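Asker: Protein chains in written order, with our numbering: chain A, 7 to 224; chain B, 57 to 386.
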């Protein structure tokens with residue numbers, strides 16, 4: 007933990023009651039728990055499908071649900087660093103890769119739902135849909151950008167790419183913005199929900215920018 | 057207990073109308089509607105269509121009593137969308153923007169007493185009660201496809217009468233070129249109206265010839281009964297060759313004009329929603345694919361079906377748009 011964080015933010019001390027660094031065993035157990043929690047949205051879809059309870063428009067339901075959870079996982083991933091910046095705790099960063107890969111997992115399900123259930127792999131219609139409709143194009147771009155991140159999410163790649171790995175993975179910010187825009191543009195008129203996600207993303211980015219600027223001044 | 061019977065059969069086909077009505081009246085008077093529905097006491101076929109609805113939907117059965125209606129030739133061979141899907145998947149922003157919200161938030165809505173006022177380019181302004189509207193013309197069942205601009209569709213057995221009959225009664229003058237339909241915007245009964253999501257009240261419109269077309273109806277019921285609140289009770293417009301948003305619900309005012317009315321969705325998104333809003337697979341929408349559609353109730357693996365020009369009603373309505381550039385007039 008860089009010392010400047012403690013110096014810059016006395017808040018780090020005032021929030022230290024949240025807890026000390028848990029034991030390695032506890033961190034591993036948390037990891038299993040988070041893994042299982044992240045599977046709940048998928049299990050829920052299977053449960054609802056089994057009980058024929060995916061609303062009157064099941065394809066759209068699955069499409070929306072997987073898209074929503076991909077965005078949710080992405081925002082979770084992006085919230086780990088701000089927690090470090092605000093509280094000085096960093097052990098939660100150990101879950102970043104898993105959460106990021108869950109975002110990729112739900113994004114894949116989202117894409118498969120779109121290609122298979124919605125468009126039955128009718129490529130002519132799919133290409134037309136992507137070209138003609140800005141929100142689809144933005145979503146497709148976001149997905150393509152997640153591919154290199156998912157492929158390089160392992161220790162071997164970190165060792166291989168070194169500094170460039172960090173640069174590559176800053177793409178996550180672009181993906182997040184595209185993801186929120188994808189949601190904003192798809193909604194017809196009631197923008198309350200996508201705006202909520204835009205605000206959360208803006209806050210998460212603002213914390214980073216604030217600390218970066220203070221670091222530069224220091 | 058929820059009765060798990062799914063059926064496309066219209067209740068009036070099974071149970072004689074008088075018996076059916078009497079039993080309902082008895083239950084309503086006795087206040088047992090909720091109890092009977094909830095405990096499954098009524099497992100008779102007359103409730104088959106709504107049998108798989110949660111009890112609370114039964115409790116909110118419309119108060120309006122429909123006269124007898126006749127069958128019509130429309131929609132023969134079409135597979136009807138289930139009553140449950142038609143009444144739980146609604147775009148009715150006055151009651152909320154989620155599809156399931158109208159069914160929930162419209163439970164206490166009162167579709168009677170109801171008066172519709174007639175204004176604008178008419179011989180004289182007048183009002184008419186919903187009961188008198190029902191006496192204007194014999195009711196008939198019209199099974200129509202309904203295509204939503206969002207890319208999904210249903211097949212709905214409406215009960216209604218040709219709008220032309222109401223227009224005849226309204227006596228528009230020679231200046232009347234368009235008809236404007238204004239929906240109720242009651243902040244007390246309609247929670248969605250308190251949000252500035254659309255410019256309330258909801259306004260829709262038709263050109264006079266479109267309004268007079270025999271396909272255009274005022275619907276007052278579906279599946280053999282009075283219109284459920286979430287579907288636009290007590291009276292809504294149905295224009296089957298146009299996107300669903302043209303069908304103004306809970307109409308309180310009909311105004312005849314000499315100029316093309318500015319509709320709610322035209323105001324909300326001029327690049328997306330035009331005045332005509334004819335179903336047209338060739339005219340792209342900035343958001344949704346319009347060349348194909350998802351049929352509600354077809355299931356998770358049914359995919360899409362091709363969208364038809366004028367929603368398949370070209371024979372009846374195509375001539376009204378002869379020579380018009382439908383890309384410009386979308």
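Glycine included, every Cβ here is placed at the ideal spot set by N, Cα and C. Predicted model, so just to flag it, every value in this text is computed and none were measured.
Please say whether residue 97 (chain A) and residue 27 (chain A) have beta carbons closer to each other than 7 Å?
Answerer: Contact: yes.
Asker: Quick check: what's the CA-CA separation for residue 72 (chain A) versus residue 185 (chain A)?
Answerer: Cα to Cα, residue 72 (chain A) sits roughly 13 Å from residue 185 (chain A).
Asker: For the region 180–199 of chain B against the region 343–359 of chain B, do three or more pairs of beta-carbon atoms, one drawn from each stretch, fall closer than 8 Å, so that the two count as touching?
Answerer: Too few Cβ pairs lie closer than 8 Å, so no.
Asker: Three Cβ pairs or more, each shorter than 8 Å: is that satisfied between the region 143–156 of chain A and the region 169–178 of chain A?
Answerer: Output reads yes: the region 169–178 of chain A touches the region 143–156 of chain A.
Asker: So which residues of chain B does residue 65 (chain A) contact, with C-beta pairs closer than 7 Å?
Answerer: Correct list: 350 and 356.
Asker: Nearest to residue 344 (chain B) by alpha carbon, out of A:135, A:31, A:40 and A:190?
Answerer: Nearest option by C-alpha distance: A:135.
Asker: What does DSSP give as the partner residue(s) for residue 274 (chain B) in the beta ladder?
Answerer: In DSSP, residue 274 (chain B) forms a bridge with B:217 and B:293.
Asker: In the structure shown, what three-state DSSP assignment does residue 66 (chain A) receive?
Answerer: If DSSP states are grouped into helix, strand and coil, residue 66 (chain A) belongs with the helices.
Asker: Classify residue 375 (chain B) as buried or exposed, calling it buried when 16 or more other Cβ atoms lie within 10 Å of its own Cβ.
Answerer: By the neighbour-count rule (16 or more Cβ atoms within 10 Å), residue 375 (chain B) is not buried but exposed.
Asker: So which residues of chain A does residue 359 (chain B) contact, with C-beta pairs closer than 7 Å?
Answerer: The contacting residues are 126.
Asker: Taking the beta strand (DSSP E) that residue 288 (chain B) falls in, what are its first and last residues?
Answerer: No beta strand (DSSP E) contains residue 288 (chain B), which DSSP labels as neither H nor E.
Asker: With which residues is residue 262 (chain B) paired in a DSSP beta bridge?
Answerer: Beta-bridge pairing links residue 262 (chain B) to B:235.
Asker: At a Cβ threshold of 7 Å, is residue 324 (chain B) touching chain A?
Answerer: By this cut-off, residue 324 (chain B) is an interface position.
Asker: Ends of the alpha helix (DSSP H) at residue 195 (chain B)?
Answerer: Unbroken run through residue 195 (chain B) is the beta strand (DSSP E), 195–203; no alpha helix (DSSP H).
Asker: Residue 230 (chain B): buried (16+ other C-beta within 10 angstroms of its C-beta) or exposed?
Answerer: By the 10 Å Cβ count, residue 230 (chain B) comes out exposed.
Asker: Can you name, in chain order, every residue of its own chain whose Cβ lies under 8 Å from the Cβ of residue 386 (chain B), other than the five neighbours on each side?
Answerer: Counting only Cβ-Cβ distances below 8 Å, and skipping sequence neighbours, we find 330, 332, 333, 334, 336 and 339.
Asker: Cα-Cα, which of B:269, B:366 and B:384 is closest to residue 326 (chain B)?
Answerer: If we check each option's Cα against that of residue 326 (chain B), B:384 comes out closest.
Asker: Identify each residue in the region 255–289 of chain B for which the Cβ-Cβ distance to at least one residue of chain A is less than 8 Å, and report them in chain order.
Answerer: Taking 8 Å as the Cβ-Cβ cut-off against chain A, none of the residues of the region 255–289 of chain B qualify.
Asker: Assuming residue 81 (chain A) contacts residue 203 (chain A) (C-beta within less than 8 Å), just tell me the rounded distance between them.
Answerer: Indeed, because the Cβ distance is near 7 Å, the residues count as touching under 8 Å.
Asker: With a cut-off of 7 Å, does the C-beta of residue 345 (chain B) fall near any C-beta of chain E?
Answerer: As a matter of chain content, chain E is missing from the structure shown, whose protein chains are A and B.
Asker: Alpha carbon to alpha carbon, how far is residue 126 (chain A) from residue 113 (chain A)? Give it in angstroms, no decimals.
Answerer: Each residue's Cα considered, the two are about 18 Å apart.
Asker: If we count the other Cβ atoms within 10 Å of its Cβ and call it buried at 16 or more, is residue 360 (chain B) buried or exposed?
Answerer: Label assigned to residue 360 (chain B): buried.
Asker: Could you compute how far the alpha carbon of residue 226 (chain B) sits from the alpha carbon of residue 149 (chain B)?
Answerer: C-alpha separation (whole angstroms): 29 Å.
Asker: Please confirm if residue 214 (chain B) has its CB atom under 7 Å from at least one CB of chain A.
Answerer: Taking Cβ atoms only, chain A never reaches closer than 7 Å to residue 214 (chain B), which makes this a no.
Asker: Can you grab the Cα-Cα spacing for the pair residue 199 (chain A) / residue 67 (chain A), in whole Å?
Answerer: Each residue's alpha carbon lies about 16 Å from the other.
Asker: What does residue 60 (chain A) reach in chain B if we use C-beta pairs closer than 7 Å?
Answerer: Residues of chain B passing the Cβ test: 356.
Asker: In this structure, how does DSSP classify residue 137 (chain B) when only helix, strand and coil are distinguished?
Answerer: Here residue 137 (chain B) sits in coil by DSSP.
Asker: Taking only three categories from DSSP, how would you classify residue 163 (chain A)?
Answerer: In this structure, residue 163 (chain A) counts as helix in the three-state DSSP scheme.
Asker: When the Cα atoms are used, what is the spatial distance from residue 294 (chain B) to residue 46 (chain A)?
Answerer: Approximately 42 Å, taken between the alpha carbons.
Asker: Mind pulling the alpha helix (DSSP H) runs of 4 or more residues that sit fully within the region 53–107 of chain A?
Answerer: Segments of the alpha helix (DSSP H) lying fully in the region 53–107 of chain A: 64–93.
Asker: Can you pull the chain B residues whose beta carbon is under 9 Å from the beta carbon of residue 55 (chain A), in chain order?
Answerer: Near residue 55 (chain A) (Cβ distances below 9 Å), the residues of chain B are 356.
Asker: Comparing C-alpha positions only, which one of B:127, B:141, B:158 and B:144 sits nearest to residue 306 (chain B)?
Answerer: Checked all of B:127, B:141, B:158 and B:144; the closest Cα to residue 306 (chain B) is B:158.
Asker: Which residues of the region 165–189 of chain B have a Cβ closer than 9 Å to any Cβ of chain A? Give them in chain order.
Answerer: Listed by position, the residues of the region 165–189 of chain B near chain A (Cβ gap below 9 Å) amount to none.
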